[in-house]
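Engineer: So that we are looking at the same thing, I have put the structure below in structure tokens.
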Amino acid sequence: MNSRSMAGGQRTGDYSPNATIITSGGNNDAPRPRNIISAISEIQQFYVIERQGQNIPAEFLTLESSLDLFRIGAVSGFKEGLFLILLFPVFSFYLLPFVLHSRDQLITVVMNSIPYLPVAINTLLCIYLSRYYIGNITRKAINSLFAGRASLLLAKSFIVYVLYFLLAKLSTPERVWLVARHFGANAEKIYSGYLEMLPHIVPIAVHCAIFILIAAVFPYGTAYLLDLWRRYKIKQNAQIIGS
């Protein structure tokens, strides 16, 4: 996707078809954004153009560019969800109950939070991006990015719940022992520890799925509320000037 800046046109007012459009890369082969950070940088450039008051048509952001942003959001959501799915069982069902044995509440909270860090950090980045939700291009670009990320996170939220729900339902004492006996001297410890932890698997999975769900939809809500607030302030200022 080529990020663009406007030159040679009006600084304020509507978009002019006679304005010169210059790509930031200096040619049509400018590199496309590779990750969520570079996508945010592209959107910031669109924001600068629209912040000047130019009413640029949404078609300025091409279908290819929109799909690029959707892809970046989807890849980000996939990586966040994959990191969570891989580390979540390690921390929740192995390290905390069998290795750390810590009664310190702070340590427990910190260790439980580690699998969620990538999702939390990228969610904060998306919330930060919501402040640029002002014009045709920035709205279209942000919607594409958020939609890609949200679609993968929603799928991961569903997968997490289904996997651990099935795990809990299939974990009969007989089946647990069939697996635990392969651990030799630790077989009884693992067997009894897993059965003790079994009632907590579904509730923990529900909390994890809800967290992913919130991370998927919260940036949308933030962008929408900020946009409503911005429109309200504009309308309020117009009424004050008019009176």
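Sequential numbering from 3 applies to the sequence shown in this note's numbering. Quick reminder that beta carbons are idealized off the backbone N, C-alpha and C, glycines included.
Could you tell me the alpha carbon to alpha carbon distance between ARG36 and TYR134, rounded to whole angstroms?
Structural biologist: So the alpha carbons of these two residues sit roughly 20 Å apart.
Engineer: DSSP three-state call for ASN37: helix, strand or coil?
Structural biologist: In the structure shown, ASN37 sits in coil (DSSP, three-state: anything other than H, G, I, E or B).
Engineer: How far does the alpha helix (DSSP H) with ARG177 in it extend, from its first residue to its last?
Structural biologist: Start and end: 175-182.
Engineer: In angstroms with no decimal places, state the Cα-to-Cα distance between THR250 and GLY55.
Structural biologist: Within the shown structure, residues of the chain are numbered from 3 to 245, placing residue 250 beyond reach of any answer.
Engineer: What residue from ILE242, GLN47, ILE236 has the CA that sits closest to ILE139's CA?
Structural biologist: It is GLN47.
Engineer: Within a Cβ cutoff of 7 Å, which residues of the same chain sit near SER132, ignoring the five residues on either side of it in sequence?
Structural biologist: The answer, listed in chain order, is PRO221, THR224, ALA225, LEU228.
Engineer: Just to confirm, are GLY150 and GLU52 a CB contact at a threshold of 8 Å?
Structural biologist: Contact: no.
Engineer: Among GLU44, TYR118, LEU98, which has the Cα closest to the Cα of LYS142?
Structural biologist: Of the listed residues, the one whose Cα sits closest to LYS142 is GLU44.
Engineer: From this set, ALA76, VAL121, LEU197, which residue's C-alpha is nearest TRP179's C-alpha?
Structural biologist: Checked all of ALA76, VAL121, LEU197; the closest Cα to TRP179 is LEU197.
Engineer: Might you give, ordered along the chain, the residues of its own chain that have their beta carbon closer than 6 Å to the beta carbon of SER173, omitting 5 neighbours on each side?
Structural biologist: If we look at SER173 and ignore the five residues flanking it on each side, its Cβ neighbours are LEU200.
Engineer: Evaluate contact between the region 111-118 and the region 153-173, counting only Cβ atoms and requiring at least three cross-stretch pairs below 8 Å.
Structural biologist: Contact fails: fewer than three Cβ-Cβ distances are below 8 Å.
Engineer: In chain order, what residues of the same chain have a beta carbon less than 7 Å from the beta carbon of PHE248, not counting five sequence neighbours either side?
Structural biologist: Beyond the ends of the chain as shown, which are 3 and 245, falls residue 248; an answer cannot be given.
Engineer: Taking the alpha-carbon of THR125 as reference, which of ILE214, ILE243, GLN238 has the nearest alpha-carbon?
Structural biologist: Residue ILE214 is the option with its Cα nearest to THR125.
Engineer: Go ahead and pull the three-state DSSP assignment for ILE136.
Structural biologist: Here ILE136 sits in coil by DSSP.
Engineer: Give a yes or no on whether the C-beta atoms belonging to PHE90 and CYS210 are separated by under 8 Å.
Structural biologist: Their beta carbons are under 8 Å apart, which means PHE90 touches CYS210 by this criterion.
Engineer: Can you tell me whether LEU69 is buried or exposed? The criterion is at least 16 other CB atoms within 10 Å of its CB, across all chains shown.
Structural biologist: The residue in question, LEU69, is exposed, as its Cβ has fewer than 16 Cβ neighbours within 10 Å.
Engineer: Please list the terminal residues of the continuous alpha helix (DSSP H) segment that includes GLY223.
Structural biologist: Unbroken alpha helix (DSSP H) run through GLY223: 189-244.
Engineer: If you follow the alpha helix (DSSP H) that LEU126 is in, where does it begin and where does it stop?
Structural biologist: Taken as a continuous stretch (DSSP letters only), the alpha helix (DSSP H) holding LEU126 covers 119-131.
Engineer: For VAL162 and ILE236, which I take to be in contact (beta-carbon distance under 8 Å), what is that distance rounded to the nearest angstrom?
Structural biologist: Their Cβ separation, rounded to whole angstroms, is 41 Å, which puts VAL162 and ILE236 out of contact at 8 Å.
Engineer: Can you give me the Cβ contacts of ALA76 inside the same chain, cut-off strictly under 8 Å, excluding the 5 residues immediately before and after it?
Structural biologist: Closer than 8 Å at the Cβ level, and outside the excluded window around ALA76, lie GLY150, ARG151, SER153, LEU154.
Engineer: Please state the DSSP three-state secondary structure of ASP70.
Structural biologist: Residue state, collapsed to three classes: helix.
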